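Trainee: Under the working numbering, read the sequence shown as residues 208 to 699, first letter to last. Using N, Cα and C, we set each Cβ at its ideal position, and we do this for glycine too. Keep in mind it's a predicted model, so treat the numbers as computed, not measured.
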Amino acid sequence: MKDQKNRTMMQYFEWYLTNDGLWWKRCAAKAPNLSALGITDVWLPPAYKGASQNDVGYGVYDTYDLGEFDQKGTVRTKYGTMKEYLRAIEAFHANDIKVYADIVLNHRTGADECEDVLAYTVAGDNRNEVTGGDRQIRAWSRFTFPGRGGRYSKFQWDHTCFTGTDWDENTREQGKLYCFSGKKWSQLTDTENGNFDYLMGCDVDMDNPEVVEEIYKWLSWYIEKTQIDGLRLDAVKHIKFTFYRDLLKRVRKETGLALPAVGEYWSDDLGRLCYYLDTVENVMSVFDVTLHYKFHNASITGRGFDMRTIFDGCLVSRLPEYAVTFVDNHDTQYGQSLQSFIEDWFKPISYALILLRKAGTPCIFYSDYYGNPGRDRPMVPNLGKLIKIRAKYAYGEQVDYFDHPNLIGWVRRGEKKRSGSGLAVVLSNGEGGGKRMEMGTAFAGQQFYDAMGECTDPITIEEDGWGTFYCNGGSVSVWMPQKAFEDMTVND
Ligand code: CA
Numbered sequence: 208m209k210d211q212k213n214r215t216m217m218q219y220f221e222w223y224l225t226n227d228g229l230w231w232k233r234c235a236a237k238a239p240n241l242s243a244l245g246i247t248d249v250w251l252p253p254a255y256k257g258a259s260q261n262d263v264g265y266g267v268y269d270t271y272d273l274g275e276f277d278q279k280g281t282v283r284t285k286y287g288t289m290k291e292y293l294r295a296i297e298a299f300h301a302n303d304i305k306v307y308a309d310i311v312l313n314h315r316t317g318a319d320e321c322e323d324v325l326a327y328t329v330a331g332d333n334r335n336e337v338t339g340g341d342r343q344i345r346a347w348s349r350f351t352f353p354g355r356g357g358r359y360s361k362f363q364w365d366h367t368c369f370t371g372t373d374w375d376e377n378t379r380e381q382g383k384l385y386c387f388s389g390k391k392w393s394q395l396t397d398t399e400n401g402n403f404d405y406l407m408g409c410d411v412d413m414d415n416p417e418v419v420e421e422i423y424k425w426l427s428w429y430i431e432k433t434q435i436d437g438l439r440l441d442a443v444k445h446i447k448f449t450f451y452r453d454l455l456k457r458v459r460k461e462t463g464l465a466l467p468a469v470g471e472y473w474s475d476d477l478g479r480l481c482y483y484l485d486t487v488e489n490v491m492s493v494f495d496v497t498l499h500y501k502f503h504n505a506s507i508t509g510r511g512f513d514m515r516t517i518f519d520g521c522l523v524s525r526l527p528e529y530a531v532t533f534v535d536n537h538d539t540q541y542g543q544s545l546q547s548f549i550e551d552w553f554k555p556i557s558y559a560l561i562l563l564r565k566a567g568t569p570c571i572f573y574s575d576y577y578g579n580p581g582r583d584r585p586m587v588p589n590l591g592k593l594i595k596i597r598a599k600y601a602y603g604e605q606v607d608y609f610d611h612p613n614l615i616g617w618v619r620r621g622e623k624k625r626s627g628s629g630l631a632v633v634l635s636n637g638e639g640g641g642k643r644m645e646m647g648t649a650f651a652g653q654q655f656y657d658a659m660g661e662c663t664d665p666i667t668i669e670e671d672g673w674g675t676f677y678c679n680g681g682s683v684s685v686w687m688p689q690k691a692f693e694d695m696t697v698n699d
């Protein structure tokens, strides 16, 4: 049987990185450190040309331009050139880290030319409601990619490739939403605002078979060119649900690659996440947004939050094998569209809850690990230790002690083949205290130490395998056998 090492992903970017074109080089330089830390997968930002050089990557202009052509006034992207991107991926591979590419297919921005197009208007909060009949608008919807000159693909995009847009160059009115005449929004999308097909820019028409074929060709090219291992799929709630189901099945079949994928379906409604996974026939995992909002709620509620319920109604409880758990990301951080960051005091607790348990695949946010001085955000204390502990020691049977509204804990009883594995976690969102938990008689007589450094005295596991493990108020302690604890300390 294959060795089932715990996997840990890191989102290796944040919104406010400096536009200096050095990011891919930094990624390559950091690959050995990340590997030593216990990171097995990285999610890199979108690598293709946006509407401007400093675009974070979600304002896609040309998916075939990975920083290779002089377009939008620049060859490189915010993160560097194509060659540097490819080198970064090689560096990760050389360090046994898999690379997830950020795939943004819902929309295009920064068109090269305007077109006169017939369109009708719909209400912003109910896109099924037509508010104005067909009239001619001047839409930025023609993409000819002159700087690329047909390299890799001769496909050019025009209004027939899109369903609608939010801008008429003739009237320049804000807040309008136009659907091109003869078209309608894809029906199988999220139902927020009546129909949430439209997000921004020119909305790519997944009901157009030529568009779908071009995207398939592009993805095959992209995988071949970059050798990426997996996909992070942007804004899937805004894309016809059957699109990724069919695309992933086809690409996996044609390439023979496993091509793991994780979708961003931004909803705190567990029913919607499950419905999506069911509709796409589980061709991907999704980020556990339900758990993120649980963390957010717990962090702002404080001791009034019942910690026994922290996983209730979350994807990681319902479908753990399809849940990528996370604490924060580039959208939830300060000043961003989905701002809902977890309060500082609760972050170590949140990370312990996703890193040291069996269920879910955790994804670490770059700014939580490194801190974000430009935004006055601190690094999450002990996060590096938690990642290391997950990689080496968080194994074996899990027993929960979710028996108090503020003070909960669990043990991992270790695996024989993993020296030093096994641990006890206890955390509180109120007063500190002790919790009796059973490690098992294999640990009888051993001294356990708190790797978080919150509690300085060791505790001894009793003859019957039980011990009393402590934590301070509003914090988490991770108790480990002495030898593992000393290894951690030496390696720091
Ligand atoms: Ca869409």
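(1) Tell me which same chain residues have a C-beta within less than 6 Å of the C-beta of G637, skipping the five on either side of it?
(2) Return yes when the C-beta of L406 is under 7 Å from any heavy atom of ligand 1, and no when it is not.
(3) Looking at C-beta atoms only, is the number of pairs between the region 446-465 and the region 324-336 that lie closer than 8 Å three or more?
(4) Using the beta-carbon count (16 or more within 10 Å), is S393 buried or exposed?
(5) Check the DSSP bridge columns for I507 and list the partner residues they point to.
(6) In terms of alpha-carbon separation, which member of D607, V443, S474, I594 lies closest to R515?
(7) DSSP state of V282, grouped into three classes?
(8) Which residue or residues does DSSP assign as beta-bridge partners of W347?
(9) Does the distance from the C-beta atom of V618 to that of E645 stay below 8 Å?
(10) Please determine if the region 379-397 and the region 285-300 are in contact, where contact requires at least 3 C-beta pairs separated by less than 8 Å.
(11) Would you kindly report the start and end of the unbroken beta strand (DSSP E) that includes P569?
(12) Give the list of continuous alpha helix (DSSP H) stretches no shorter than 4 residues that lie fully inside the region 527-599.
(13) Considering only the alpha carbon of each residue, which of V306, T351, V329 lies closest to E320?
(14) Excluding the 5 residues preceding and the 5 following K237 in the sequence, name in chain order all residues of the same chain whose CB lies nearer than 6 Å to its CB.
(15) According to DSSP, simplified to helix, strand and coil, what is T462?
(16) With distances taken between CB atoms, is the gap from I422 to L454 smaller than 8 Å?
(17) What do you get for W473, buried or exposed, if any count of 16 or more other CB atoms within 10 angstroms of its CB means buried?
(18) State the DSSP-derived secondary structure class of Q689, mapped to helix, strand or coil.
(19) Consider the C-beta atom of A366 and the heavy atoms of ligand 1; say whether any pair is separated by less than 7 Å.
(20) Assuming the contact rule is C-beta atoms closer than 8 Å, K565 and Q605 should be a hit. Round their C-beta distance to whole Å, please.
(21) Suppose the cutoff is 7 Å on Cβ atoms and the five residues either side in sequence are ignored; what does the same chain contact list for T696 look like?
(22) Does the distance between the C-beta of I446 and the nearest non-hydrogen atom of ligand 1 fall short of 7 Å?
(23) Considering only C-alpha positions, which residue in the set K444, A691, Q363 is nearest to T396?
(24) DSSP on L522, reduced to helix/strand/coil?
(25) Spatial neighbours of P527 within its chain, please: C-beta separation below 7 Å, excluding the five flanking residues on both sides.
(26) Would W552 be called buried (16 or more neighbouring beta carbons within 10 Å of its own) or exposed?
(27) Please classify T270: does DSSP put it in a helix, a strand, or coil?
(28) Does DSSP classify M208 as helix, strand or coil?
(29) Of all the beta strand (DSSP E) runs that stay within the bounds of the region 595-647, which reach a length of 3 or more residues?
(30) Would you say the beta carbon of D227 comes nearer than 7 Å to a heavy atom of ligand 1?
(31) Under 7 Å: does the beta carbon of N313 sit that close to some heavy atom of ligand 1?
(32) For R355, does the three-state DSSP call read helix, strand or coil?
(33) Out of G641, F655, Q543, L522, point me to the one whose CA is closest to I666's CA.
(34) Pull up the CB-CB distance for V249 and V306, whole angstroms please, since I reckon it's below 8 Å.
(35) Please report the residue range of the beta strand (DSSP E) in which R439 lies.
(36) Work out the CA separation of H537 and D272 for me, nearest whole Å.
Mentor: In brief:
(1) R510, N613
(2) yes
(3) By the C-beta criterion, the region 446-465 is judged not to be in contact with the region 324-336, since fewer than 3 inter-stretch pairs fall below 8 Å.
(4) That one is buried.
(5) In DSSP, I507 forms no bridge with anything.
(6) D607
(7) coil
(8) C321
(9) yes
(10) no
(11) 568-572
(12) Counting only runs of 4 or more, we get 554-562, 573-577, 590-599.
(13) T351
(14) none
(15) helix
(16) yes
(17) buried
(18) The DSSP-derived three-state label of Q689 is helix.
(19) One detail in the question is off: residue 366 reads as His in this sequence, not Ala. Because no heavy atom of ligand 1 lies under 7 Å away, the Cβ of H366 does not count as near it: no.
(20) 5 Å
(21) none
(22) yes
(23) K444
(24) helix
(25) A566, G567
(26) exposed
(27) T270 falls in the coil class under three-state DSSP.
(28) Summary for M208: the model assigns pLDDT 44, below 50, so the residue's position carries little reliability; its value from the coordinates is reported in the next sentence. Note: M208 maps to coil in three-state DSSP.
(29) 605-608, 614-619, 630-635, 640-645
(30) no
(31) In this structure, ligand 1 has a non-hydrogen atom nearer than 7 Å to the beta-carbon of N313.
(32) coil
(33) F655
(34) 6 Å
(35) 437-440
(36) 23 Å
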